[in-house]
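To start, the structure itself, in structure tokens.
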Amino acid sequence: MNRHEFLRGLHKASANRNYLEIGVNDGRSLTLSRVPSIAIDPAFKVVTEIRCDVHLVKATSDDFFARSNPLAHLKGGRHPLRNLRRGRHPLAHWRGTSLDLSFIDGMHLFEYALRDFMNVEKHSDWSSVIVFDDMLPRNVDEAARDRHTNAWTGDVYKVIEVLNRYRPDLETVLVDTEPTGLLVVFGADPTNTVLTEKYDEIIAEFVYDDPQKVPESILGRTTAVKPEALINAPFWKPLVNSRNRGTKRGRGWESLRASLKQINTAG
Ligand SMILES: C[S@@+](CC[C@H](N)C(=O)[O-])C[C@H]1O[C@@H](n2cnc3c(N)ncnc32)[C@H](O)[C@@H]1O
Numbered sequence: 010m011n012r013h014e015f016l017r018g019l020h021k022a023s024a025n026r027n028y029l030e031i032g033v034n035d036g037r038s039l040t041l042s043r044v045p046s047i048a049i050d051p052a053f054k055v056v057t058e059i060r061c062d063v064h065l066v067k068a069t070s071d072d073f074f075a076r077s078n079p080l081a082h083l084k085g086g087r088h089p090l091r092n093l094r095r096g097r098h099p100l101a102h103w104r105g106t107s108l109d110l111s112f113i114d115g116m117h118l119f120e121y122a123l124r125d126f127m128n129v130e131k132h133s134d135w136s137s138v139i140v141f142d143d144m145l146p147r148n149v150d151e152a153a154r155d156r157h158t159n160a161w162t163g164d165v166y167k168v169i170e171v172l173n174r175y176r177p178d179l180e181t182v183l184v185d186t187e188p189t190g191l192l193v194v195f196g197a198d199p200t201n202t203v204l205t206e207k208y209d210e211i212i213a214e215f216v217y218d219d220p221q222k223v224p225e226s227i228l229g230r231t232t233a234v235k236p237e238a239l240i241n242a243p244f245w246k247p248l249v250n251s252r253n254r255g256t257k258r259g260r261g262w263e264s265l266r267a268s269l270k271q272i273n274t275a276g
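Residue numbers (my numbering): 10 to 276.
As structure tokens, this is what we get:
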């Protein structure tokens, strides 16, 4: 399955009520969105038909998140069901303040992708779905920080090790999509400050000159799961229901976490 097919499945399975995308390019991933969206790219060149209510931001993601009230476009009850009286519909709790689905596919350097995650997480919660592109480079050249290949993942794959080491409270699923894999992160906690506190230490260890030391497990895709295993998992319906009811982290998260661990173990 290629990444855009997988993303289409993710939009459907997650029944997301809003969408944030970092890295738009010609719009081939943004075209999958049907809900209020924010899409950020300093050099977008959209040639694809876009079928959502989108704030298309011409800025780097760092500059975008430094704005005051960056998610203003999603706030204020822009959901199509906004006129339903509060408390009478499962979506009535929706405030539009938390991101349901985010796709991080901007600058392909580790520190940019890490900062994108840190910024996105501040606007997410346990039921949010956060996706990274290009997490499975096919060779060391493709993973170089100094781009010299046509297809380029850069060294964003390092985010996996960093999240697993510094943020064991999150659940990460590496997905074997074509061409270069995706990472899906669950369990976001906007109050967690570990990555901010450890940022300098992380950069000092993980940012170094080429050639990059890409782990064998990444090149061999040994820890990645089949895309269908995640898209067709039974946890989506309960997750969506809990999220739409505004349920706080608790039993819903524990049960989601157990399902994700099972998917990772089964491979
Ligand atoms: C791989 S393309 C995105 C592809 C698109 N998501 C898709 O799947 O069709 C990466 C894009 O990231 C943009 N980009 C580069 N640096 C960025 C930054 N600092 N913040 C946001 N976007 C950035 C580039 O201009 C480029 O268009």
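By construction, the Cβ of each residue, glycine as well, lies at the ideal position given by its N, Cα and C atoms.
Remember, it's a predicted structure, so these values are computed and weren't measured experimentally.
### Message
Quick check: does the Cβ of Met-116 come within less than 6 Å of any heavy atom belonging to ligand 1?
### Response
Residue numbering aside, residue 116 sits at position 107 when the sequence shown is read from its first letter. Yes, Cβ of Met-116 sits closer than 6 Å to a heavy atom of ligand 1.
#### Entry: Heavy atom of ligand 1 within 6 Å of Arg-147 beta-carbon
As a position in the sequence shown, residue 147 is number 138, starting the count at 1. Checking the Cβ of Arg-147 against ligand 1 gives no.
### Query
What residue range is occupied by the uninterrupted beta strand (DSSP E) comprising Ser-23?
Here residue 23 is taken as the residue at index 14 of the sequence shown, counted from 1. From DSSP, Ser-23 is part of no beta strand (DSSP E) but of the alpha helix (DSSP H) over 12 to 23.
#### Entry: Arg-26, buried or exposed, once every other Cβ within 10 Å from all chains shown has been counted against 16
Here residue 26 refers to the residue found at position 17 of the sequence shown. Its Cβ being crowded by 16 or more others within 10 Å, Arg-26 is buried.
### Query
Can you round the beta-carbon distance between Val-140 and Val-193 to whole angstroms, since I take them to be within the 8 Å contact cut?
For the purposes of this step, residue 140 is taken as the residue at position 131 of the sequence shown. For the purposes of this step, residue 193 is taken as the residue at position 184 of the sequence shown. A Cβ-Cβ separation of about 5 Å places Val-140 in contact with Val-193 under the 8 Å criterion.
### Query
How about the region 197 to 205 and the region 148 to 161: do they share at least three Cβ pairs that are nearer than 8 Å?
Taking 8 Å as the limit for Cβ pairs, the verdict is that the region 148 to 161 does not touch the region 197 to 205.
### Task
Tell me whether the beta-carbon of Leu-80 lies closer than 7 Å to the beta-carbon of Tyr-28.
Taking the first residue of the sequence shown as 1, we reach residue 80 at position 71. Taking the first residue of the sequence shown as 1, we reach residue 28 at position 19. Taking 7 Å as the Cβ cut-off, Leu-80 and Tyr-28 do not qualify as a contacting pair.
### Task
Using 6 Å as the cut-off, classify the Cβ of Thr-57 as near or not near the heavy atoms of ligand 1, replying yes or no.
Indexing the sequence shown from 1 puts residue 57 at position 48. Checking every heavy atom of ligand 1 against the Cβ of Thr-57, none is found closer than 6 Å.
### Query
Can Arg-154 be considered in contact with ligand 1, in the sense that its beta carbon sits closer than 6 Å to one or more heavy atoms?
As a first step, residue 154 is located in the sequence shown; it is residue number 145 there, counting from the start. No, the beta carbon of Arg-154 sits no closer than 6 Å to any heavy atom of ligand 1.
### Message
At the level of alpha carbons, what is the spacing between Asp-155 and Arg-254?
### Response
Translated into the one-based positions of the sequence shown, residue 155 becomes position 146. Translated into the one-based positions of the sequence shown, residue 254 becomes position 245. Approximately 46 Å between the Cα atoms of the pair.
### Task
Assign Ala-267 to one of three DSSP states: helix, strand, or coil.
By one-based count along the sequence shown, residue 267 stands at place 258. Look at Ala-267 here: in three-state DSSP terms it is helix.
### Task
Just mark Ala-52 as buried or exposed, buried being the case when its beta carbon has 16 or more other beta carbons within 10 Å.
Along the sequence shown, read from residue 1 onward, the residue named residue 52 stands at position 43. Looking at its Cβ environment, which holds fewer than 16 other Cβ atoms inside 10 Å, Ala-52 is exposed.
### Query
With Val-184 and Pro-236 assumed to form a contact (beta carbons below 8 Å), what rounded beta-carbon distance in angstroms separates them?
Taking the sequence shown and counting its residues from 1, the one referred to as residue 184 is at position 175. Taking the sequence shown and counting its residues from 1, the one referred to as residue 236 is at position 227. With a Cβ gap of about 5 Å, Val-184 and Pro-236 count as contacting.
### Task
Jot down the residue ranges of each uninterrupted alpha helix (DSSP H) in the region 102 to 183, minimum 4 residues, whole runs only, in chain order.
Within the region 102 to 183, the complete alpha helix (DSSP H) runs of at least 4 residues fall at 119 to 130, 167 to 175.
### Message
Closer than 6 Å to a non-hydrogen atom of ligand 1 - does that hold for the CB of Ala-213?
### Response
Translated into positions along the sequence shown, residue 213 becomes position 204. Not under cutoff, so the answer is no.
### Query
Can you name the start and end residues of the beta strand (DSSP E) that Leu-191 belongs to?
Position 182 of the sequence shown, counting from 1, holds the residue named residue 191. Element bounds for Leu-191: 191 to 195.
#### Entry: Ala-48 - DSSP class collapsed to helix/strand/coil
Translated into positions along the sequence shown, residue 48 becomes position 39. In this structure, DSSP gives Ala-48 an extended state, which the three-state scheme calls strand.
### Query
Taking Cβ to Cβ, would you say Glu-30 is nearer than 7 Å to Leu-39?
Looking up residue 30 in the sequence shown gives position 21. Looking up residue 39 in the sequence shown gives position 30. When the beta-carbon positions are compared, Glu-30 and Leu-39 come within less than 7 Å of each other.
### Task
Label Arg-60 either buried or exposed according to how many other C-beta atoms from any shown protein chain fall within 10 Å of its C-beta, with 16 as the threshold for buried.
Along the sequence shown, one-based indexing puts residue 60 at 51. Burial call: exposed.
#### Entry: Same chain, Cβ closer than 6 Å to Arg-91, neighbours up to 5 away in sequence not counted
By one-based count along the sequence shown, residue 91 stands at place 82. Unreliable placement is indicated for Arg-91, whose pLDDT of 48 sits below 50; the coordinate value is still reported in the next sentence. For Arg-91, same chain residues with a beta-carbon under 6 Å away, outside a window of 5 residues either side, do not exist.
### Query
Would DSSP call Glu-210 helix, strand or coil?
On the sequence shown, position 201 is the one that residue 210 refers to. Residue state, collapsed to three classes: helix.
### Message
ligand 1 and Ile-113: does any heavy atom of the ligand fall closer than 6 Å to the residue's C-beta?
### Response
One-based indexing of the sequence shown puts residue 113 at position 104. False, no ligand heavy atom lies under 6 Å from that Cβ.
### Query
How is Leu-80 classed by DSSP in three states: helix, strand or coil?
What you label residue 80 is simply residue 71 of the sequence shown in a count that begins at 1. In the structure shown, Leu-80 sits in coil (DSSP, three-state: anything other than H, G, I, E or B).
### Message
Below 8 Å on the Cβ atoms is my contact criterion, and I expect Phe-195 with Val-138 to pass it. Report the Cβ-Cβ distance as a whole number of Å.
### Response
As a first step, residue 195 must be located in the sequence shown, where it is residue number 186. As a first step, residue 138 must be located in the sequence shown, where it is residue number 129. Taking 8 Å as the upper bound for CB-CB distance, Phe-195 and Val-138 are in contact here, some 7 Å apart.
### Task
List the endpoints of the continuous beta strand (DSSP E) containing Val-249.
Here residue 249 is taken as the residue at index 240 of the sequence shown, counted from 1. That residue, Val-249, is in no beta strand (DSSP E); its alpha helix (DSSP H) goes 245 to 254.
### Task
Give a yes or no on contact between the region 223 to 238 and the region 145 to 152, applying the rule of three or more CB pairs nearer than 8 Å.
Yes, since at least three Cβ pairs between the region 223 to 238 and the region 145 to 152 fall closer than 8 Å, the two stretches touch.
### Query
Three-state secondary structure (DSSP) at Val-55?
The residue given as residue 55 occupies position 46 in the sequence shown. Residue state, collapsed to three classes: coil.
### Query
Heavy atom of ligand 1 less than 6 Å from the Cβ of Ala-160, yes or no?
Mapped onto the sequence shown, residue 160 falls at position 151. No, the Cβ of Ala-160 stays beyond 6 Å of every heavy atom of ligand 1.
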